[in-house]
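Here the structure comes first, spelled out in structure tokens, and everything after it is commentary.
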Amino acid sequence: GAVVSQHPSWVICKSGTSVKIECRSLDFQATTMFWYRQFPKQSLMLMATSNEGSKATYEQGVEKDKFLINHASLTLSTLTVTSAHPEDSSFYICSARDWRTGANYGYTFGSGTRLTVV
Amino acid sequence: DQQVKQNSPSLSVQEGRISILNCDYTNSMFDYFLWYKKYPAEGPTFLISISSIKDKNEDGRFTVFLNKSAKHLSLHIVPSQPGDSAVYFCAAGPYDKVIFGPGTSLSVIP
Chain U
47 GAVVSQHPSW VICKSGTSVK IECRSLDFQA TTMFWYRQFP KQSLMLMATS NEGSKATYEQ
107 GVEKDKFLIN HASLTLSTLT VTSAHPEDSS FYICSARDWR TGANYGYTFG SGTRLTVV
Chain P
10 DQQVKQNSPS LSVQEGRISI LNCDYTNSMF DYFLWYKKYP AEGPTFLISI SSIKDKNEDG
70 RFTVFLNKSA KHLSLHIVPS QPGDSAVYFC AAGPYDKVIF GPGTSLSVIP
């Protein structure tokens, strides 16, 4: 089945620095990838939809300049948290869409990245 | 305003019994529905799905029921096992973008 790899699984950074998270589809081409954020004991909040070769579509309330998304190839999307602050500490998860579909309609998730900003 | 609701934040069930997790949605145009299981610090794992043309889908111990008129779906797990203890998210939406509910934490007691 479809496999999505997310890296790193956890990262600690200092306030003011930037952090890049990678999301790769390993055995399929993903024209669409999604980035989610999960606060403790809360749901998965969709941050943005990333389409290969075009600008990401951000959900309302998500700062485009703070959360930079690049989907330069059909197998890689990156999320860069710029000038990180402690309130950006969260669990970030990507999902890649495999348009060959299947029972999950193509939504396959990465394993997530725990970001801690100190 | 939440478009996908899971009104029970937690549920405890005895091992071997049935677990029933509920989900409600507000948009009658939603036609794809999925259930995911999630452990802490891991990504969600797909469990089962259903489209609006069906009212039931079964896969092993997992069955999803869809009531379109009530805009309600449920996940039944029979029999429940301790390894089923996790947070369960339902997701609903059009084909190109689903919305997740807040999740229900299931504890299966041995």
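Top line first, the protein sequences correspond to chains U and P. Residues in the first sequence are numbered from 47 upward in steps of one, following this note's numbering. Residues in the second sequence are numbered from 10 upward in steps of one, following this note's numbering. Think of the CB as a built atom: it goes at the ideal place given N, C-alpha and C, for glycine as much as any other residue.
Straight-line Cα distance separating residue j from residue i
i      : j      : result
U/T128 : U/G156 : 21 angstroms
U/S51  : P/N66  : 29 angstroms
P/P119 : P/P49  : 20 angstroms
U/M79  : U/A142 : 4 angstroms
U/E109 : P/E51  : 25 angstroms
P/K47  : P/F98  : 8 angstroms
U/E68  : P/S61  : 34 angstroms
U/E105 : P/Y45  : 22 angstroms
U/K66  : U/I58  : 12 angstroms
Minimum C-alpha distance to residue i - residue among the options
i      : options                     : result
P/Q12  : P/I118, P/V117, P/K106      : P/K106
U/S100 : U/T77, U/W56, U/D144        : U/T77
P/D33  : P/R26, P/S21, P/Y104, P/F42 : P/F42
P/I151 : P/V87, P/K14, P/P111, P/G92 : Since the first and last residues shown for chain P are 10 and 119, residue 151 of chain P lies out of range.
P/S21  : P/S61, P/S58, P/V96, P/K47  : P/V96
P/E24  : P/A101, P/P91, P/G102       : P/P91
P/A79  : P/G69, P/D64, P/D68         : P/D64
Cβ-Cβ separation, residue j to residue i (assumed contact under 8 angstroms), whole Å
i      : j      : result
U/S89  : P/F109 : 5 angstroms
P/N36  : P/N16  : Not confirmed; about 17 angstroms, so no contact.
P/I27  : P/S89  : 7 angstroms
U/V163 : U/D134 : 5 angstroms
Chain U within 7 angstroms of residue i, Cβ atoms only
i      : result
P/F109 : yes
P/E51  : yes
P/G112 : yes
Cutoff 7 angstroms: residue i Cβ touching any chain P Cβ
i      : result
U/S89  : yes
U/F155 : yes
U/G107 : no
U/G158 : yes
U/I139 : yes
Other residues of its chain near residue i: CB distance less than 6 angstroms, five sequence neighbours each side excluded
i      : result
U/L72  : V49, S51
U/I115 : A94, S96, A102, L125
Counting only Cβ-Cβ distances shorter than 9 angstroms, please list the residues of the region 112-127 of chain U near chain B, keeping chain order. The chain labelled as chain B is not found among the protein chains of the depicted structure, namely U and P.
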